[in-house]
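In what follows, a structure is listed as structure tokens, so that the remarks can point back to it.
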Amino acid sequence: MKPYAASLKKRPPEVSRQQIVVTGLGGLCALGTNAADIWDAMRNGRCGIGELDVPLLRDAKTRTGAQIRHLPEWDIDKRKLVAIDRFALLAAMAADEALRNAGLKPAEMDSRRIGAVVGTGIFGTEAADENYFALLREGKSRANVFTVPRIMPSAPAGQVSMIHGLRGPVFGVTSACASSNHAFSAAADQLRLGRADVMLAGGTDAPLVFGVVKAWEALRALARETCRPFSNDRDGLVLGEGSAILVLETYEHAKARGANILAEFAGVGLSADASDIVSPTVEGPAAAIEACLADAGMRIEDVDYINAHGTGTKANDQIETTAIRTVFGAHADTLSVSSTKSMHAHCMGASGALEAIACIMAIREGLVPPTANFRERDPDCDLDITPNVARPRKVRAAISNAFAFGGTNAVAAFRSV
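Position in the sequence shown (first residue = 1) + 4 = the numbering used here.
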């Protein structure tokens, strides 16, 4: 693999290098039902993983996950809910918070210049499970009439658009647990190409249903108790549900309307392992990190914090450690690293967007969130993984790693403004 300094000289042709900024955050997961509560839990090392209470999981062995116990009240026409699966509802609610946080009212703007890209790792699993149970176990003769609009992977983006009146570029992306970071990349492209002034971008998933949990059980990748990324006694990942949405704008648009700019969306790097459907390589993740730094125009010394993919599986954490060391060399020893999946669990397509909240708030508050549940050092994961307790540190720039099944890698960079 070519050294990073060499790859920096071969940046792809630029469409536009106008600055893109983050002006709004919204989110829901087991840690909280708004972005502020989610960050408060992260910074204090509170874990949202616990015993599941999901009716359709009655026949599954897995009883541990990160579940949203109660959704907040929301002013929406209840008649619309019959056509919305849980993963799309979570996205629409996160988008509502993000728009309010950004001070945006699409109805009072040119909504043709506002779009949305929402990633998901799976699809409308709630609708799928309900229909399989109804047809195969209860003997019903037909599926629910709203099954197709509820189940399609693009439903969250469509619901965000319809509920909030967005008439710009709107579409979904799906690349397993790299979906959020791919959504950020696609949204940034729309802004740089001049197709929109504002884009909502993020991810959502609600995988705590019988079929999905049983599928993960078959992979033998689920932890028995909790998620312990980088800890030598880790034994797998934990599934969670959630959604997070960021408001991305061109700097010029944000400045013109007097927006509160939270951070710069500095760049993104994409790569593919082209190797194995479930086993990652070192080369693919390292290439994505390098491409991200090149896109952002960053030196390795500019990065202070990495929100690791950090799923809590033996192989994943070791490979990610090697990839980080491959790119950052000696600077890896000065980096702060953590995996917030130790608290919100693996929310599949939503994970990258939840982790973006961690990166942005780490920059704003000068505080690195911890890797919770850590008990025992792994000599093969020899990074400073910020065990159990948050650490004060000036964070000028942070990157968020997402390395997905299928070998699709996406790394996003955020920078102070």
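C-beta atoms are modelled at their ideal positions from N, C-alpha and C, and glycine is treated no differently.
Exposure of residue i, with buried meaning 16 or more beta-carbon neighbours within 10 Å
i: L223; result: exposed
i: A417; result: buried
i: K345; result: buried
i: D81; result: exposed
i: V282; result: exposed
i: S235; result: buried
i: E229; result: exposed
i: L140; result: exposed
i: E359; result: buried
i: D299; result: buried
i: T254; result: buried
i: E245; result: buried
i: N430; result: Lying outside 5 to 421, the shown extent of the chain, residue 430 is not represented and no answer is given.
i: S183; result: buried
i: W78; result: exposed
i: D63; result: exposed
i: D237; result: exposed
i: V86; result: exposed
i: D337; result: exposed
i: S145; result: exposed
i: G172; result: buried
i: P233; result: buried
i: P396; result: exposed
i: R419; result: buried
Chain-order list of residues whose beta-carbon lies under 7 Å from that of residue i (same chain, five-residue window excluded)
i: P374; result: G49, S342, T390, P391, N392, V393, A394
i: L195; result: I24, M203, L252, T254
i: H348; result: C33, A34, L35, G52, A70, G244, G246, L358
i: K65; result: E221
i: C231; result: I53, L241, V242, G316, K345, S346, A349, N377
i: K218; result: A64
Which listed residue (the options) has its alpha carbon closest to that of residue i
i: D44; options: I361, D382, M352; result: I361
i: F214; options: I167, P289, L140, T129; result: T129
i: L266; options: Q23, G28, R21; result: G28
i: Q22; options: E268, L358, P173, T412; result: E268
i: A270; options: L241, F188, G52; result: F188
i: N377; options: K84, G240, A336; result: G240
i: G411; options: T330, I310, S279; result: S279
i: G356; options: L212, D133, I310; result: I310
i: D384; options: I293, A291, T37, I328; result: I328
i: M156; options: A132, R146, M166; result: A132
i: M302; options: A401, A227, G353, A258; result: A401
i: A191; options: K259, C363, V26, T338; result: V26
i: V149; options: N135, E142, D100; result: N135
i: V177; options: V152, M352, T151; result: M352
i: V421; options: E369, L108, P396; result: E369
i: A106; options: R261, K318, H74; result: R261
i: F137; options: P59, T208, A225; result: P59
i: F409; options: P396, A276, E287; result: A276
i: D201; options: K259, A219, K318, S158; result: K259
i: G31; options: L61, I88, R83, L93; result: L93
Same chain, Cβ closer than 8 Å to residue i, five either side skipped, listed in chain order
i: L170; result: P110, S115, I118, G119, A120, V164, L204
i: E305; result: H335
i: L339; result: V307, D308, Y309, I310, I328, F332, L387, D388
i: D57; result: Q71, R73
i: A9; result: Residue confidence is low: A9 scores 49 on pLDDT, short of 50, so the model does not pin down where it sits. Its coordinate-derived value is still stated next. Excluding positions up to five away in sequence, the list is empty.
Cβ of residue i within 9 Å of any chain B Cβ
i: V149; result: Among the protein chains of the structure shown there is no chain B, as only one such chain exists.
Bridge partner(s) assigned by DSSP for residue i
i: A401; result: R419
i: T317; result: None; T317 has no bridge partner.
i: T412; result: A276, A408
i: H350; result: L243
i: A248; result: G31, G207
i: V372; result: R395
i: I310; result: V341, I403
i: S235; result: R381
Spatial neighbours of residue i in its chain, beta-carbon cut-off 6 Å, leaving aside the 5 residues before and after
i: L387; result: T325, V341
i: F407; result: P284, P289, H313, N413
i: V415; result: G273, A292, I293, C296, I403, N405
i: I167; result: A96
i: R67; result: E55, L56
i: T151; result: A131, N135
i: R47; result: L371, P373, A394
i: G198; result: none
Any non-hydrogen atom of the ligand NAD within 8 Å of residue i CB
i: S342; result: In terms of ligand content, the structure shown is empty, and the ligand NAD therefore cannot be addressed.
Every unbroken alpha helix (DSSP H) within the segment 23 to 81, with a cutoff of 4 residues, ordered by chain:
39 to 47
Threshold first: 4 residues or longer. Then list the alpha helix (DSSP H) segments lying entirely within the segment 92 to 157, N to C.
129 to 136, 151 to 155
In chain order, which continuous runs of the alpha helix (DSSP H) of length 4 or greater are located wholly inside the segment 147 to 233?
151 to 155, 159 to 168, 183 to 196, 214 to 223
Please give me, in chain order, every unbroken run of the beta strand (DSSP E) with length at least 3 that falls completely inside the segment 254 to 287.
Counting only runs that start and end inside the segment 254 to 287, the beta strand (DSSP E) elements of at least 3 residues fall at 267 to 276.
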